[in-house]
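All remarks here apply to the structure that follows.
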Amino acid sequence: MNKDNQEQSRYVQIPGSERSLVPHSRKSGPVHPEEEMSVTVLVRRPSVDGFLEKTGTIPFTSSRHLSREEFVAAHGANHEDIKKVEEFAQSHRLSVKEVNAAAGTIMLTGSAAAFSKAFGVELAMYEHPDFIYRGRTGHVTIPQELVDIVDGVLGLDNRPQLRPHFQIFEENVEPLRTATARKSYTPPQIASLYNFPQNVNCSEQCIGIIELGGGYDPAELQNYFSSLGVPQTMITDVSINGATNQPTGDPGGADGEVVLDIEVAGAVAPGVKIAVYFAPNTDAGFLNAITTAIHDTQNKPSVLSISWGAPENQWTTQAMIAMDRAFQDAAAVGVTICSAAGDRGSADGVNDGLVHVDFPSSSPYALACGGTRLEGSGRRIIREAVWNEGPDSSTGGGISDVFDLPAWQTAANVPPSANPGGRIGRGIPDVAGDADPATGYQVLVDGQHTVIGGTSAVAPLWAGLIALINQQLGHSIGFITPTLYHLSTRSGALHDIKVGNNDSGSVQGAYEARPGWDPCTGLGSPNGINLVTALHSLLSTS
């Protein structure tokens, strides 16, 4: 047995790391052996489970959160583990570019040939009708001596991992509706309908926004906020893995997502600071953006807005475990994660005859945000129902195939999955808000005044409300999801949506709205002032 074969015989597969080809893609040739690339290695850390259990089911008092400095001291990666990975990298001609001990991530750089040998994979180039990507099939492998140290390896494959969850309103494709039902709103008008606290200065708060492409024009944002009479938001860009603010000039592309997120969050939480974390649209880029934001000791966001996602079956298990671990970090340090639940109904755009939910909103540590169709005037809601304009224009929601039913959802009457077998699992969404493009948000993007909807708008809407709540409570509320399920319906903190469904048309069975929690709009849309009052009441008795 030669040296290379002996070395490979010591390698074992990382569970959950297997990849398949992107459907409709074909191999076009090998990766150039000298292509420079970066990969993120996830290493073990002391678990935060014990800390989260001690916080109880209502963990929103500041005394129950760890500071970011306390977190890294108690739960950061072990120095000796990091050293062993660094030695492994050096032995395979790979360089250590960055170590995030708090997140337990190590970014390595080197040639494609070196990575292929180091992790026992065959990298190749693949062509898809919409993009070209570097990919692999099968498992990633590591030496036996790293088995108990390395939990995952992300970035070897750089396929586009997530998609934005927004839709521009197009008059010519709107189904038959009365003209009066087609009404759009400015974000402050939406906030008024949802009874958000008024005259609150959020300058002490920071909202982190994760973006995986596109960009914004600062002057255009200034004009937009001025036109609304809203204080100009201070925006800080944070570059992840080389990605930066790069507007494309196409409002229907990633620019629409970036600008929608900023304009909604900044307009409903006046004066709030916004940190935009620009990252490549890969599993590694997404993880690094999230961990950077959660452990950011400079901007210190107290809430993250994530409007990107993909069906659970399009992720590797190792990637979902890595993201979920990061979301647990967020809960420990008092950061709320608001995540869009998807815009393509109960099938989430997957054409296999089954229902699917979107990740990362399916993580139990995310506040999953579904969509409604909202009609109202001033501060009065006239009608609100599940957003459903067809299989590719309706709120995501359903039962996770990956995550188990959390303890705090056991009393919510979460139904079994509509898929064969009727799995009982994590139900999404948790909450909802206006998402129908026909009753959407008036925004200014790439010089165009347009109306945008989608659950992409609901995540920053809820992020803005969380910032207002944090400002009024005087500390970060953090992992609010269990608290919302604990609130009495008598508090009026949430408007129960009882009409509609998110049937995708191509699957057997649909999820219907109903009194209480449902797999279309969760617990419902917010009544901001009532929610603040209910939280104050809980705080005074805890």
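170 is the number that UniProt numbering gives to position 170 of the sequence shown; each next residue is one higher, with no gaps.
We put the CB at the ideal spot given by N, CA and C, even for glycine.
Taking the alpha-carbon of residue i as reference, which of the options has the nearest alpha-carbon?
{"i": "Asp-436", "options": "Ser-491, His-475, His-165, Leu-531", "result": "His-165"}
{"i": "Pro-270", "options": "Gln-471, Pro-46, Pro-429", "result": "Gln-471"}
{"i": "Ala-510", "options": "Gln-189, Leu-523, Val-386, Pro-526", "result": "Val-386"}
{"i": "Ala-438", "options": "Pro-420, Thr-317, Gly-371, Gly-421", "result": "Gly-371"}
{"i": "Leu-531", "options": "Asp-503, Ile-477, Glu-512, Trp-517", "result": "Ile-477"}
{"i": "Gly-396", "options": "Thr-410, Phe-359, Arg-380, Arg-423", "result": "Phe-359"}
{"i": "His-32", "options": "Pro-23, Leu-123, Arg-19, Leu-52", "result": "Leu-123"}
{"i": "Thr-40", "options": "Ser-116, Ser-47, Gly-155", "result": "Gly-155"}
{"i": "Gly-474", "options": "Ser-20, Asn-245, Glu-204, Ser-47", "result": "Glu-204"}
{"i": "Ala-319", "options": "Phe-51, Gln-298, Thr-291", "result": "Thr-291"}
{"i": "Val-357", "options": "Ser-417, Asn-527, Glu-375", "result": "Ser-417"}
{"i": "Pro-160", "options": "Asp-130, Val-507, Glu-80", "result": "Asp-130"}
{"i": "Ser-28", "options": "Ser-38, Glu-127, Pro-187", "result": "Glu-127"}
{"i": "Leu-108", "options": "Val-259, Glu-86, Ala-102, Val-121", "result": "Glu-86"}
{"i": "Leu-538", "options": "Gly-213, Ser-491, Asn-527, Ile-235", "result": "Ser-491"}
{"i": "residue 573", "options": "Ser-67, Glu-36, Phe-71, Val-121", "result": "No statement about residue 573 is possible, as the shown extent of the chain runs from 1 to 542 and does not include it."}
{"i": "Lys-300", "options": "Ile-142, Thr-236, Thr-450", "result": "Thr-236"}
{"i": "Thr-141", "options": "Arg-45, Gly-229, Gln-189, Gly-16", "result": "Gly-16"}
{"i": "Pro-364", "options": "Asn-501, Ala-341, Pro-143", "result": "Ala-341"}
{"i": "residue 543", "options": "Ser-400, Ile-240, Thr-410", "result": "Residue 543 lies beyond the range of the chain shown here (1 to 542); nothing can be said about it."}
{"i": "Ala-347", "options": "Arg-325, Asp-329, Asn-313", "result": "Asn-313"}
{"i": "Ile-240", "options": "Asn-527, Thr-282, Pro-515", "result": "Thr-282"}
Measuring only the C-alpha atoms, how far is residue i from residue j?
{"i": "Gly-464", "j": "Tyr-216", "result": "19 Å"}
{"i": "residue 577", "j": "Ala-407", "result": "Past the edges of the chain, shown from 1 to 542, lies residue 577, and the structure says nothing about it."}
{"i": "Lys-498", "j": "Ser-488", "result": "17 Å"}
{"i": "Ile-207", "j": "Ala-289", "result": "14 Å"}
{"i": "Ile-428", "j": "Leu-484", "result": "14 Å"}
{"i": "Phe-403", "j": "Thr-137", "result": "24 Å"}
{"i": "Tyr-224", "j": "Val-443", "result": "8 Å"}
{"i": "Thr-455", "j": "Ser-393", "result": "10 Å"}
{"i": "Asp-157", "j": "Arg-134", "result": "6 Å"}
{"i": "Leu-523", "j": "Ile-106", "result": "39 Å"}
{"i": "Ser-540", "j": "Leu-468", "result": "19 Å"}
{"i": "Val-431", "j": "Gln-90", "result": "47 Å"}
{"i": "Ala-322", "j": "Phe-286", "result": "11 Å"}
{"i": "Ala-457", "j": "Leu-405", "result": "26 Å"}
{"i": "Asn-100", "j": "Ala-114", "result": "23 Å"}
{"i": "Glu-257", "j": "Pro-251", "result": "8 Å"}
{"i": "Asn-162", "j": "Gly-309", "result": "The displayed chain sequence assigns Leu, not Asn, to residue 162. Roughly 5 Å between the two C-alpha positions."}
{"i": "Ser-261", "j": "Pro-482", "result": "Residue identity check: residue 261 is Asp in the sequence provided, not Ser. Each residue's alpha carbon lies about 25 Å from the other."}
{"i": "Gly-440", "j": "Gly-433", "result": "11 Å"}
{"i": "Thr-186", "j": "Gly-76", "result": "43 Å"}
{"i": "Ile-306", "j": "Leu-461", "result": "11 Å"}
{"i": "Gly-266", "j": "Asp-343", "result": "23 Å"}
{"i": "Arg-373", "j": "Gly-453", "result": "10 Å"}
{"i": "residue 543", "j": "Gly-378", "result": "Past the boundaries of the shown model lies residue 543; the chain is included only from 1 to 542, so the question cannot be answered."}
{"i": "Ala-219", "j": "Val-43", "result": "42 Å"}
{"i": "Tyr-255", "j": "Leu-221", "result": "Before going further, note that residue 255 is Asp rather than Tyr in the sequence given. Approximately 12 Å, taken between the alpha carbons."}
{"i": "Val-445", "j": "Glu-34", "result": "39 Å"}
{"i": "Asn-245", "j": "Thr-297", "result": "21 Å"}
{"i": "Ala-279", "j": "Gln-13", "result": "28 Å"}
{"i": "Arg-64", "j": "Gly-213", "result": "35 Å"}
{"i": "Val-350", "j": "Glu-70", "result": "42 Å"}
{"i": "Glu-145", "j": "Gly-104", "result": "18 Å"}
{"i": "Ser-525", "j": "Ile-190", "result": "11 Å"}
{"i": "Ser-25", "j": "Asp-49", "result": "40 Å"}
{"i": "Thr-316", "j": "Ala-368", "result": "20 Å"}
{"i": "Phe-119", "j": "Asn-78", "result": "22 Å"}
If residue i and residue j are in contact, beta carbons under 8 Å, what's the gap, nearest whole angstrom?
{"i": "Ser-339", "j": "Ala-493", "result": "At roughly 20 Å, the Cβ-Cβ gap does not stay under 8 Å, so Ser-339 and Ala-493 are not in contact."}
{"i": "Pro-519", "j": "Gly-398", "result": "5 Å"}
{"i": "Ile-294", "j": "Val-264", "result": "Contact doesn't hold; Cβ gap of about 21 Å is too wide."}
{"i": "Ile-529", "j": "Pro-197", "result": "6 Å"}
{"i": "Leu-354", "j": "Asn-419", "result": "5 Å"}
{"i": "Arg-383", "j": "Glu-375", "result": "4 Å"}
{"i": "Ser-504", "j": "Pro-391", "result": "4 Å"}
{"i": "Ser-38", "j": "Lys-117", "result": "So it is not a contact: roughly 16 Å between Cβ atoms."}
{"i": "Val-272", "j": "Cys-202", "result": "4 Å"}
{"i": "residue 548", "j": "Arg-10", "result": "In the structure displayed, the chain extends from 1 to 542; residue 548 sits before or after that span and is not available."}
For residue i, write down the residues that DSSP places opposite it in a beta bridge.
{"i": "Cys-206", "result": "Lys-273"}
{"i": "Tyr-185", "result": "Tyr-441"}
{"i": "Ile-428", "result": "Gly-398"}
{"i": "Ser-504", "result": "Beta-bridge pairing links Ser-504 to no other residue."}
{"i": "Glu-36", "result": "Ser-111"}
{"i": "Gly-522", "result": "Asp-518"}
{"i": "Lys-27", "result": "Tyr-126"}
{"i": "Arg-383", "result": "Glu-375"}
Problem set entry | Contiguous alpha helix (DSSP H) assignments of at least 4 residues, all confined to the segment 71-97 | 79-91
For this session: Taking only runs that begin and end inside the segment 451-498, name each unbroken alpha helix (DSSP H) of 4 or more residues, in chain order.
Result: 455-473, 481-486
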